[in-house]
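Participant: All residue numbers for the sequence shown refer to numbering that gives the first Met the number 0, where the first residue is 0 and numbers rise by one. Dropping the structure in here first, questions after.
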Amino acid sequence: MKEDEYRRRGLEPHEKKSMSKKTFSILVIMFLTAFILSLIFEIRIFIFLTLTALTGVINYNINLLTFRVDPGLEVFLSLVLTRTYGLGYGLVLIFAGEIIPDLLTARLDKDTTLSIIFTLLINFVAVQYPDVNFVLLGLILVTIKFIICLGLDIIFMFAPEEMIFETGLNFVVNIILLLAFGDIFIALLG
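Shown next as structure tokens:
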């Protein structure tokens, strides 16, 4: 399916490499350094870096799968960070946790770009309503993002499996995360 997808999009199939030991070692050293610095200065930085690294590693490894799937963890976590720490933290999480892994794995395509744009937009909207219940606001924003992205998927004639395993899964996962963990994350990080 992966090779067919590349050909359908006019790209050449290529092998994706897993993370090297050197890269992994550098990431571990950076993580430990960030942890030590955050203990000295502020725990908020450690939480932010941990969530961003977790999102990036998950997205990177999911992108290495032979089939396309997008659980959209960055949507939920960016909304949480935007609400608790500010818009800048949410935007950095989207950049480091979604865009960079997509670039490294050659998965930054039209539908991913659309999803990222709308994830950025819902974070900008979320900042405008700081007094609205987080879960309610998140549900509304994620639903609006889903409807718009699904409409664009149909207009651009994306394959049905892309609509299901990327746009649809992203929506379902974020609804579940918001309902199950939204208030918990806000209480813990706020």
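Each residue gets a CB set at the ideal place from its N, CA and C atoms; glycine is no exception. Bear in mind the structure is a predicted one, so any value in this text is a computation, not a measurement.
1. Where do the N-terminal and C-terminal ends of the alpha helix (DSSP H) with residue 91 fall, by residue?
2. Going by CA-CA distance only, name the one from 27, 77 and 24 that's closest to residue 133.
3. From the DSSP output, in three-state form, read off residue 33 for me.
4. Count the other C-beta atoms from every protein chain shown that fall within 10 angstroms of the C-beta of residue 71, then say buried if there are 16 or more, exposed otherwise.
5. Just curious, the alpha helix (DSSP H) that residue 59 is in, first and last residue?
6. Output yes or no for whether 8 Å exceeds the beta carbon distance between residue 126 and residue 81.
7. Applying the 10 Å Cβ sphere with the 16-neighbour rule, what's the burial state of residue 155?
8. Which stretch, first to last residue, makes up the alpha helix (DSSP H) that contains residue 125?
9. Considering just the uninterrupted stretch of the alpha helix (DSSP H) at residue 179, what are its terminal residues?
10. Could you check where the alpha helix (DSSP H) with residue 82 kicks off and where it finishes?
11. Hey, out of 105, 121, 22 and 45, whose CA is closest to residue 61's CA?
12. So, helix, strand or coil for residue 0, using DSSP?
13. Apart from the five residues on each side of it in sequence, which residues of its chain come closer than 8 Å, Cβ to Cβ, to residue 68?
14. Verify whether the separation of the beta carbon atoms of residue 51 and residue 95 is less than 8 Å.
Facilitator: Quick look at the numbers:
1. 86-93
2. Ranking the options by Cα distance to residue 133, first place goes to 77.
3. helix
4. It is buried - the Cβ of residue 71 has at least 16 other Cβ atoms within 10 Å.
5. 42-62
6. Cβ atoms of residue 126 and residue 81: closer than 8 Å.
7. exposed
8. 109-127
9. DSSP places residue 179 in the uninterrupted alpha helix (DSSP H) bounded by 168-188.
10. 72-83
11. 105
12. For residue 0, the predicted model reports a pLDDT of 46, less than 50, meaning its position is unreliable; a value from the coordinates is still stated below. Residue state, collapsed to three classes: coil.
13. Excluding positions up to five away in sequence, the list reads 61, 164, 165 and 168.
14. yes
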